[in-house]
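Scroll down for the structure; my scribbles are underneath it.
Number of protein chains: 2
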Amino acid sequence: MNSYYNLSMNNLKIISGIRQKKSLLCVGLDTDIQKIPAHLLGYDDPIFEFNRQIIDATAPFAVACKINIAFYECMGKKGWDSLEKILAYIPQEIFTIADAKRGDIGNTSAMYARTFFETYRFDGITVAPYMGEDSVKPFLEYTDKTVFLLALTSNKGAADFQWFSNGERTLYQAVISQSLQWEKETGGTLGYVVGATRPDDIAGIRTMAPDKFFLVPGVGAQGGDLHSICQKGKNDQGGLLINASRSVIYAGSGEDFALKSAEAAAALQKDTALYCKEI
Amino acid sequence: MNSYYNLSMNNLKIISGIRQKKSLLCVGLDTDIQKIPAHLLGYDDPIFEFNRQIIDATAPFAVACKINIAFYECMGKKGWDSLEKILAYIPQEIFTIADAKRGDIGNTSAMYARTFFETYRFDGITVAPYMGEDSVKPFLEYTDKTVFLLALTSNKGAADFQWFSNGERTLYQAVISQSLQWEKETGGTLGYVVGATRPDDIAGIRTMAPDKFFLVPGVGAQGGDLHSICQKGKNDQGGLLINASRSVIYAGSGEDFALKSAEAAAALQKDTALYCKEI
Numbered sequence: 301m302n303s304y305y306n307l308s309m310n311n312l313k314i315i316s317g318i319r320q321k322k323s324l325l326c327v328g329l330d331t332d333i334q335k336i337p338a339h340l341l342g343y344d345d346p347i348f349e350f351n352r353q354i355i356d357a358t359a360p361f362a363v364a365c366k367i368n369i370a371f372y373e374c375m376g377k378k379g380w381d382s383l384e385k386i387l388a389y390i391p392q393e394i395f396t397i398a399d400a401k402r403g404d405i406g407n408t409s410a411m412y413a414r415t416f417f418e419t420y421r422f423d424g425i426t427v428a429p430y431m432g433e434d435s436v437k438p439f440l441e442y443t444d445k446t447v448f449l450l451a452l453t454s455n456k457g458a459a460d461f462q463w464f465s466n467g468e469r470t471l472y473q474a475v476i477s478q479s480l481q482w483e484k485e486t487g488g489t490l491g492y493v494v495g496a497t498r499p500d501d502i503a504g505i506r507t508m509a510p511d512k513f514f515l516v517p518g519v520g521a522q523g524g525d526l527h528s529i530c531q532k533g534k535n536d537q538g539g540l541l542i543n544a545s546r547s548v549i550y551a552g553s554g555e556d557f558a559l560k561s562a563e564a565a566a567a568l569q570k571d572t573a574l575y576c577k578e579i
Numbered sequence: 301m302n303s304y305y306n307l308s309m310n311n312l313k314i315i316s317g318i319r320q321k322k323s324l325l326c327v328g329l330d331t332d333i334q335k336i337p338a339h340l341l342g343y344d345d346p347i348f349e350f351n352r353q354i355i356d357a358t359a360p361f362a363v364a365c366k367i368n369i370a371f372y373e374c375m376g377k378k379g380w381d382s383l384e385k386i387l388a389y390i391p392q393e394i395f396t397i398a399d400a401k402r403g404d405i406g407n408t409s410a411m412y413a414r415t416f417f418e419t420y421r422f423d424g425i426t427v428a429p430y431m432g433e434d435s436v437k438p439f440l441e442y443t444d445k446t447v448f449l450l451a452l453t454s455n456k457g458a459a460d461f462q463w464f465s466n467g468e469r470t471l472y473q474a475v476i477s478q479s480l481q482w483e484k485e486t487g488g489t490l491g492y493v494v495g496a497t498r499p500d501d502i503a504g505i506r507t508m509a510p511d512k513f514f515l516v517p518g519v520g521a522q523g524g525d526l527h528s529i530c531q532k533g534k535n536d537q538g539g540l541l542i543n544a545s546r547s548v549i550y551a552g553s554g555e556d557f558a559l560k561s562a563e564a565a566a567a568l569q570k571d572t573a574l575y576c577k578e579i
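Spelled out as structure tokens, the structure:
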């Protein structure tokens with residue numbers, strides 16, 4: 301194990317999950333009440349019940365769980381209620397990520413950090429870099445947490461600004477190189493969001509950030525190629541959390557939905573296990 | 301009145317406020333329970349009580365009210381409760397802005413738009429552009445709302461990426477010119493966040509976007525020069541919402557805090573009235 305690896309307690313939780321489960325899978329709980337099986341709608345809290353069954357079904361195959369805050373926030377207080385129960389239900393060994401993409405001036409980012417790291421006790425969060433250093437550092441100051449900064453995202457719109465180039469480097473490359481400095485200054489733990497739809501770029505990003513975990517959305521519904529991403533993006537510790545949301549949680553729509561999700565998660569675990577052998 | 305102005309019903313609400321109150325003031329409710337006067341802590345909901353008194357005190361002088369979501373979100377469900385009551389309490393003629401700085405892939409941005417435009421009925425929202433077109437359009441598709449896209453922000457970190465240049469234009473200029481196209485394609489209403497700490501740049505931004513409202517944070521606690529910004533940034537309809545948060549809401553800390561806030565708001569109204577004469 302090379303000494304340059306950032307072995308925060310936090311990342312050790314991910315690495316230990318990868319070793320134990322031979323998986324790089326992160327399950328994304330983007331739960332939309334309009335998409336869950338009809339038979340769950342009679343429950344007091346159908347969103348919780350759906351997530352509870354998905355968590356039970358996929359936990360054996362997943363090292364992390366990413367909760368897309370938008371899907372809970374849009375339900376108002378009821379959504380935050382469900383979120384709290386879901387967080388409490390997720391097994392302790394699974395690394396939890398608030399997919400929140402927050403970022404604001406310093407005193408406001410500090411409030412967002414407090415929200416997701418103290419009010420809710422997530423292990424990590426996704427953060428947007430547009431507002432620069434003082435918008436990111438308040439998250440990094442929680443040195444026992446992991447901050448996944450948006451670098452090169454999986455969506456079509458990523459091309460609009462992230463590839464903007466000053467001749468020497470692109471915006472996303474500038475985000476990576478400057479944020480590595482902020483990580484040093486705070487003693488925090490960085491990761492990056494790198495879309496699975498960008499296999500040609502991930503190798504270069506790995507060179508820039510050899511020891512960082514990449515949270516990789518875009519396999520499944522968005523069409524990213526898992527094997528290509530794993531081959532080009534992995535490092536000695538795995539270094540990847542391959543997120544699948546819709547393709548796992550909506551794998552089925554009937555009474556056997558949880559079984560279908562388990563099957564989808566198991567298939568992804570099996571695919572990613574190829575890259576966990578030496579970890 | 302020039303025909304190129306985008307007279308959405310929504311912006312008419314702002315313009316009518318400017319005409320009536322002779323003010324460009326937007327009051328920012330960044331309410332932190334650790335900073336409100338001690339005598340309010342005995343109330344059932346001290347955050348609501350503080351904001352209620354600030355709203356009463358400043359409403360005669362303000363055309364808009366910006367609620368910084370981070371400060372409510374960090375209190376969990378209780379915070380969203382306060383937020384709901386505050387929104388219901390704000391007088392109908394005041395334009396409400398969710399300062400949320402959200403932005404994600406299309407299906408997730410659609411959920412955030414639903415949160416702030418449907419679950420809560422804000423008139424406008426701040427949005428972060430890093431993820432590009434499909435992260436912004438779901439907000440613009442609410443054609444009766446105003447989407448204030450981050451362009452050049454007021455904080456120190458703005459220099460890290462927003463001035464990144466491809467030789468022809470900076471990132472923030474690219475954000476403005478591309479988003480104007482998205483506005484056309486959706487029929488929505490754009491505005492921009494332009495920091496008051498950037499008086500030298502606002503004239504250029506006004507040239508790029510002559511008919512847009514700019515939400516201008518950074519006067520007060522962040523040190524922006526109000527007169528310089530107004531002279532260089534205004535248009536025939538005002539075109540500016542000058543936001544003051546901490547300098548207004550924490551103007552006093554005793555039992556007369558609301559009076560002190562009224563005085564601070566009145567002073568800003570008077571200062572901005574100079575630029576409202578011909579509107």
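These protein sequence lines map, in sequence, to chains A and B. Taking the numbering used here, the leading residue of the first sequence gets 301, the next gets one more, and so forth. Taking the numbering used here, the leading residue of the second sequence gets 301, the next gets one more, and so forth. Virtual Cβ for every residue (Gly too), placed ideally from N, Cα, C.
Query: C-beta neighbour in chain B for Leu-383 (chain A), strict 7 Å; Result: no
Query: Residue-level contact to chain B via CB, Ile-542 (chain A), 7 Å cutoff; Result: no
Query: Under the three-state DSSP convention, the category Arg-421 (chain A) falls into; Result: coil
Query: Span of the beta strand (DSSP E) around Gly-328 (chain B); Result: 325–329
Query: Stretch-stretch touch, CB-based, cutoff 8 Å, three pairs: the region 388–398 of chain B with the region 363–371 of chain B; Result: yes
Query: Beta-carbon proximity of Leu-540 (chain B) to Val-516 (chain B), cut-off 7 Å; Result: yes
Query: Short CB-CB distance (under 7 Å) between Arg-421 (chain B) and chain A; Result: no
Query: Thr-446 (chain A) to Leu-440 (chain A) span [Cα, whole Å]; Result: 7 Å
Query: Against chain D: residues of the region 466–484 of chain A by CB proximity under 8 Å; Result: Here chain D cannot be found, since the structure's protein chains are A and B.
Query: Unbroken stretches of the alpha helix (DSSP H), 4 residues or longer, contained in the region 467–540 of chain A; Result: 471–486, 499–508 and 526–533
Query: Residue range of the alpha helix (DSSP H) that includes Val-548 (chain A); Result: 546–549
Query: Close-in-space but distant-in-sequence residues of the same chain around Met-309 (chain A) (CB under 7 Å, 5 per side omitted); Result: Asp-444
Query: Cutoff 7 Å: Ala-428 (chain A) Cβ touching any chain B Cβ; Result: yes
Query: Below-7 Å beta-carbon distance, Met-508 (chain A) vs any chain B residue; Result: no
Query: Chain A contact for Lys-366 (chain B) (CB, 7 Å cutoff); Result: no
Query: Host alpha helix (DSSP H) of Leu-440 (chain B) (start-end); Result: 433–440
Query: Neighbour flag for Ser-435 (chain A) against chain B, beta carbons, 7 Å; Result: yes
Query: Closer than 6 Å: Lys-366 (chain B) CB and nearest the ligand COA heavy atom; Result: Only the bare structure without any ligand can be found here, which leaves the ligand COA out of the picture.
Query: Integer-rounded CB distance, given that Val-494 (chain B) should sit under 8 Å from Gly-533 (chain B); Result: 7 Å
Query: Per DSSP, the bridge partner or partners of Asp-399 (chain B); Result: B:Asn-368
Query: Terminal residues of the beta strand (DSSP E) in which Ala-451 (chain A) lies; Result: 446–452
Query: Anticipated Cβ contact below 8 Å, Ala-410 (chain B) with Pro-438 (chain B), distance rounded; Result: 4 Å
Query: Chain A within 7 Å of Arg-414 (chain B), Cβ atoms only; Result: yes
Query: Backbone CA spacing between Val-427 (chain B) and Ala-474 (chain B) [nearest angstrom]; Result: 15 Å
Query: Identified DSSP bridge partners for Ile-542 (chain B); Result: B:Leu-325 and B:Val-516
Query: Neighbourhood of Lys-401 (chain A) by C-beta distance below 6 Å, restricted to the same chain and skipping five residues each side; Result: Thr-426 and Ala-428
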